[in-house]
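Notes for the one structure printed next.
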Amino acid sequence: MQSETEMLATSLTQQLIEQAKELKFDLVGIVLPTDAQTYKHFSQWLELGYAGEMEYMVRTKQLRKNPKAIMKECKSVIVVGVSYANAFNDEARYDNNSDELVGWVSAYACRSDYHDVIRARLTELREWIKGKVSWAKCKVCVDSSPILERELAVRAGFGWFGKNTNVVSKQFGSYFFIGELLTNVELEPTEAFERDRCGICNRCIEACPTGALISPKLLDARRCISYLTIEHRSAIQFELRERIGRWIFGCDICQQVCPWNNKAKVGATVEQWKTRYEMFRQNLLELLSLSEDNFKRRFSGTPIARIGRKRFLRNVVVALGNTMDERAIEPLARLLCSNEDSLVRSHAAWALGRIGNRMARTALERFWKQECDECVRSEIENALQRMQ
Ligand code: SF4
Ligand code: SF4
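Position 248 of the sequence shown, counting from 1, maps to 261 under this note's numbering, and the rest follow consecutively.
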């Protein structure tokens, strides 16, 4: 038989789940703040260097062991998910009738920054809890807090760890965002998701163009296009540039091929979060000529703004090289001649080499003479060598 405290916790949990649904969270679950079961796996992953330049993960490693490390008095973690499945149409990305040189942006980034949207809703949920329990303390976490949130999502009952390392929900597939509300209020935990539904499917591993999925559920982020185009700050490893194709911010391939995403249910926020198609597929030549101000104006309030113009230009230049289209030569040559940043110039040299015709060669030879930066000179030399 339940004690009075347990009955109160059960009743409050039910009301809270209803309230969260009112706030248009598609998935809601409660977990206890116990040690993460995947912490050892996570530590080994870091030790093997798979996190690449994401040093903040190493710095905050200890904090990820248990949510109590970021809120000492935490008694329950409310985990929420917001689906953006079916708010976009993947086929529109690959419109073959268009003559434009287009680059692709990951579906999650083609809308208002999810951090802001989820934080605002979790803040409303926090106020609701405080209205019910006067002494309640809560902490809102959306992505930036050091927390192993995918494990929390599995324990909250959302789905299982897919072989592509995303949490896959039977209802919503893997296109959903996760957030958490840590609280000192005791709530009743929901049931964890126990079964792995990937079965013999290996589509995500087979489809990954860079071999970043080394084995089921093991990602070498250093090879992943999402990492390379978003988190990685320096030059992109030479042999991966071709494999990036036309992705300029993130990559959806291992989710596009997942059968669970084909049958994903429409989320409660589908109207508000409709994909901005001008973001989904973007004209690469137009992006190349964006000034700093125009970059800020165009991407303000979207996740792209977070990486800044320099890194974004680097990505655009790689994608342009991968179009292998002569129309890109002149703008790339202009960039190689005059862009203030050696990172951008060196990738422009690579892109010209990738297009590789006589015009590109002439531009490379011409700018090699005037280039002072050793790294860029060496990129130009490499590009010229590849063209021989
Ligand atoms: S996001 Fe792209 S590159 Fe990264 S694992 Fe998935 S398919 Fe591979
Ligand atoms: S593509 Fe197949 S193996 Fe990969 S996550 Fe989806 S169901 Fe699992």
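By construction, the Cβ of each residue, glycine as well, lies at the ideal position given by its N, Cα and C atoms.
In the three-state reduction of the DSSP assignment, Ser-111 falls in the coil class.
The Cβ atoms of Gly-170 and Glu-204 lie closer than 8 Å to each other. A direct Cα-to-Cα measurement between Ala-318 and Trp-58 gives close to 29 Å.
By alpha-carbon distance to Glu-162, the top candidate from Gln-32, Glu-252 and Phe-55 is Phe-55. Shortest gap from the CB of Gly-175 to any heavy atom of ligand 2: under 7 Å. DSSP lists no beta-bridge partner residue for Val-329. By the Cβ rule, the stretch 61-69 does not count as touching the stretch 128-141, because fewer than three pairs are nearer than 8 Å. The shortest C-alpha to C-alpha distance from Thr-223 to any of Gln-250, Ile-83 and Gly-212 is the one to Gln-250. Here the alpha carbons of Gln-28 and Phe-174 stand approximately 28 Å from one another. Beta-bridge partners assigned by DSSP to Val-167: none are found. Asn-215 counts as exposed, since fewer than 16 other C-beta atoms from the protein chains shown sit within 10 angstroms of its C-beta. Every beta strand (DSSP E) stretch that sits fully inside the stretch 36-112 and reaches 3 residues is listed by chain position as 40-44 and 89-96. Between the alpha carbons of Ile-243 and Arg-106 lies a gap of roughly 19 Å. By the Cβ neighbour-count rule, Lys-309 is exposed, with fewer than 16 other Cβ atoms within 10 Å of its own. Counting along the chain, no alpha helix (DSSP H) covers Phe-206, and no H or E run does either.
For Leu-135, there is no enclosing beta strand (DSSP E); the residue is found in the alpha helix (DSSP H) stretching over 127-145. Of Asn-370, Leu-25 and Arg-358, the smallest CA-CA separation from Gly-144 is found for Leu-25.
In this model, Ile-342 and Ile-227 are separated by some 35 Å (Cα to Cα).
Around the beta carbon of Pro-80, a 10 Å sphere encloses 16 or more other beta carbons of the protein chains shown; the residue is thus reported as buried.
Between Ser-96 and Phe-189, the C-beta gap is smaller than 8 Å, which places the two residues in contact. The beta-carbon separation of Gly-366 and Ala-373, rounded to 7 Å, stays under the 8 Å limit for a contact.
In the three-state reduction of the DSSP assignment, Trp-260 falls in the strand class, which pools E and B.
Pairing Ala-362 with Ile-393, the inter-Cα distance amounts to about 5 Å. Collapsing the DSSP output to three states places Glu-193 in a strand.
In terms of side-chain proximity, the C-beta atom of Thr-223 is found nearer than 7 Å to a non-hydrogen atom of ligand 1. Taking Leu-241 as reference, the option from Ile-320, Ser-391 and Val-155 with the minimal CA-CA separation is Ile-320. Of the candidates Val-330, Pro-316 and Thr-282, Val-330 places its Cα closest to the Cα of Leu-303. Shortest Cα-Cα distance from Lys-78 to any of Gly-258, Thr-136, Asp-108 and Ser-158 involves Ser-158.
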